[in-house]
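Everything on this sheet refers to the single structure shown next.
In my numbering, the protein residues as written are 2 to 74.
And the structure:
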């Protein structure tokens, strides 16, 4: 899959099809999604820093990463 993060837009493409497309600027309130439903995040996405480190995360099970490529757009 491919993840593209440019400015306020995030796109995830899997097998040639976009499966996630989001505009971070639409998340304007903490604990709220753009549609008004609740979420667990204490900061609005629009207020988060948009550059920095990339972290790979796992939840206690074995995991492997292969052929990771990162390039600046």
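Here a beta-carbon is modelled for each residue, glycine too, at the ideal position from N, C-alpha and C.
Between the alpha carbons of residue i and residue j, how many angstroms are there, rounded?
i          : j          : result
residue 9  : residue 65 : 29 Å
residue 39 : residue 58 : 24 Å
residue 41 : residue 25 : 16 Å
residue 16 : residue 3  : 9 Å
residue 32 : residue 22 : 20 Å
residue 6  : residue 60 : 24 Å
residue 29 : residue 49 : 11 Å
residue 72 : residue 12 : 15 Å
Query - Inside the stretch 2-47 only - beta strand (DSSP E) runs reaching at least 3 residues - result: 3-7, 10-15, 18-24
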